[in-house]
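Trainee: I'd like to ask you about the structure that follows.
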Amino acid sequence: MTTLPLLTPGRGDGDPAAPARRRASMPPRHLADLDLAGRRAAVGDLGAQAFRANQISGHYFGRLERDPAAMTDIPATDRDRLTGALLPHLLTPVRELDCDGGTTRKNLWRLHDGSLVESVLMGYPDRVTVCVSSQAGCGMACPFCATGQAGLTRNLSTAEIIDQVVWFAGVAARGELPGCPPRLSRVVFMGMGEPLANYPRVIDAVRRLTSPAPEGLGLSQRHITVSTVGLVPAIRKLCDEDLSVTLALSLHAPDDDLRDELVPVNQRWKVAEVLDAAWTYAERTGRRVSIEYAMIKDVNDQPWRADLLGKLLSGRLAHVNLIPLNPTPGSRWDASPKPVEREFVRRLRAAGVSTTVRDTRGREIDGACGQLAAAEVDA
Ligand code: SF4
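When we follow numbering that gives the first Met the number 0, the leftmost residue of the sequence shown carries the number 0, and every step to the right adds one.
Spelled out as structure tokens, the structure:
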């Protein structure tokens, strides 16, 4: 059992001998929390001309520049004041690890209140993808997940989510990923947290990431994936957002008995309800729903479960992504053996369901969500 830290240096709670305690709290406002109109208003409130908001936004989103000294088109008299108010420091790297020949990078960040979150950058010959966290910790309590064992610390702000992407977009743009394109093109909300439990900020982040510069980063909505364990009202709300992001549903079991245990939120919204909401999303957007299924040895990998899953998904706009489990240290859960995995794939495909096995980037750097934060807290 690990816990994400709420403790940071300093004095706390009236006991002079007590270790410092700082409560989890949202960060200061950042320009990425605001749309362009909001930034122009904020700049006006600071006594500057509104177009300065466009200039600072252009540096941050367009040039991936966050150093005020490099923003020489803004007079020095305004620069520090405006960047101080609109570009507060949000993410401090605590650990940076890489593997796969430098094409996979994982960062552990400390937020302003001491909370820890992780992001992973994955470079391929044709694309660069970042996996971001949407919450510090997670309240969904999936028993096989390191983050789930730690509980929820707090939601991330819109800007804390975006800043993970912008940071890594800068890494790609500087050509630091060997053999990969210099432009970050995809974002997956599959790091720490349940994205739809932080709904308004995640939706804001999606809108900003997909707005053209200087409003945002100019990514394609189709290159953004939002995952969920199945918060049905939030999925239904997403259907009305007029977005064309990919919805990834972490199903992990096709039957309620097992899913109640593996994904405790299933006790509230059952498999049939969750899939019904997912099919509504597929119909509204024309987008294939990605069904995420962690393959756990002797738990959810039986042939009859493959057949049941195939039956549920056959004829639907869905794709199954099987994920070889990356066991957390000391966990009782283990990955399915390869022959079992292959038979699972065979049965799904025989049912006419498009199925792939996800590549397991970053295993040697604690690639599963929450593992790096857990290691840092345990250290
Ligand atoms: S698997 Fe995802 S939703 Fe479940 S506890 Fe972990 S981070 Fe939260």
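Note that CB positions come from ideal geometry on N, CA and C, so glycine has one too.
Would you grab the beta carbon distance between Ala247 and Val225 for me? Rounded to a whole angstrom, and I think it's under 8 Å.
Mentor: So it is a contact: roughly 7 Å between Cβ atoms.
Trainee: Report yes if the CB atom of His318 is closer than 9 Å to the CB atom of Val352, and no otherwise.
Mentor: The answer is yes: Cβ separation under 9 Å.
Trainee: Among Arg346, Leu316, Asp306, Val298, which has the Cα closest to the Cα of Ala334?
Mentor: Checked all of Arg346, Leu316, Asp306, Val298; the closest Cα to Ala334 is Val298.
Trainee: For Trp166, count neighbouring C-beta atoms within 10 Å of its own C-beta (all shown protein chains included) and say buried if the count is 16 or more, exposed if not.
Mentor: Looking at its Cβ environment, which holds 16 or more other Cβ atoms inside 10 Å, Trp166 is buried.
Trainee: For the ligand SF4, is there any heavy atom lying closer than 8 Å to the beta carbon of Ser210?
Mentor: Result no, Cβ not under 8 Å from the ligand SF4.
Trainee: Is Ala75 a contact residue of the ligand SF4, with contact defined as CB to any heavy atom under 8 Å?
Mentor: Result no, Cβ not under 8 Å from the ligand SF4.
Trainee: Would the C-beta of Ser118 count as close to the ligand SF4, meaning under 8 Å from any of its heavy atoms?
Mentor: No; taking the cut-off as 8 Å, the Cβ of Ser118 has no heavy atom of the ligand SF4 nearer than that.
Trainee: Would you kindly report the start and end of the unbroken beta strand (DSSP E) that includes Tyr381?
Mentor: Residue 381 falls outside the range modelled here, since the chain spans only 0 to 378, and no answer is possible.
Trainee: Tell me whether the beta-carbon of Leu321 lies closer than 9 Å to the beta-carbon of Thr284.
Mentor: No, they are not a contact pair.
Trainee: So, using beta-carbon positions, are Ser56 and Glu214 closer together than 9 Å?
Mentor: Going by C-beta atoms, Ser56 is nearer than 9 Å to Glu214.
Trainee: Are the CB atoms of Val93 and Arg104 within a distance shorter than 9 Å?
Mentor: No, they are not a contact pair.
Trainee: Indicate whether at least one CB of chain B lies closer than 9 Å to the CB of Thr152.
Mentor: Reference to chain B is not applicable here, since this structure consists of a single protein chain.
Trainee: Can you tell which of Val205, Val228, Glu64, Asp162 has its C-alpha closest to the C-alpha of Leu218?
Mentor: Residue Val205 is the option with its Cα nearest to Leu218.
Trainee: For Gly190 versus Gln148, is the C-beta spacing smaller than 9 Å?
Mentor: Not closer than 9 Å, so no.
Trainee: With DSSP as the reference, please indicate the residues paired to Asp97 in a beta bridge.
Mentor: According to DSSP, which records beta bridges pairwise, Asp97 is partnered with Arg104.
Trainee: Under 9 Å between the Cβ atoms of Ala350 and Asp306?
Mentor: It is a contact, given that the beta carbons lie within the stated cut-off.
Trainee: DSSP on Arg65, reduced to helix/strand/coil?
Mentor: The answer is coil: DSSP assigns Arg65 none of H, G, I, E or B.
Trainee: Can you tell me whether Thr76 is buried or exposed, with buried defined as 16 or more other CB within 10 angstroms of its CB?
Mentor: Per the 10 Å Cβ criterion, exposed.
Trainee: When every heavy atom of the ligand SF4 is checked, does at least one fall within less than 8 Å of the C-beta of Met139?
Mentor: Answer for Met139: yes, Cβ within range of the ligand SF4.
Trainee: Can you tell me where the beta strand (DSSP E) with Ala136 in it begins and where it stops?
Mentor: Residue 136 is actually Gly in this sequence, not Ala. That run of the beta strand (DSSP E) goes 134 to 136.
Trainee: With DSSP as the reference, label Thr327 as helix, strand or coil.
Mentor: Thr327 falls in the coil class under three-state DSSP.
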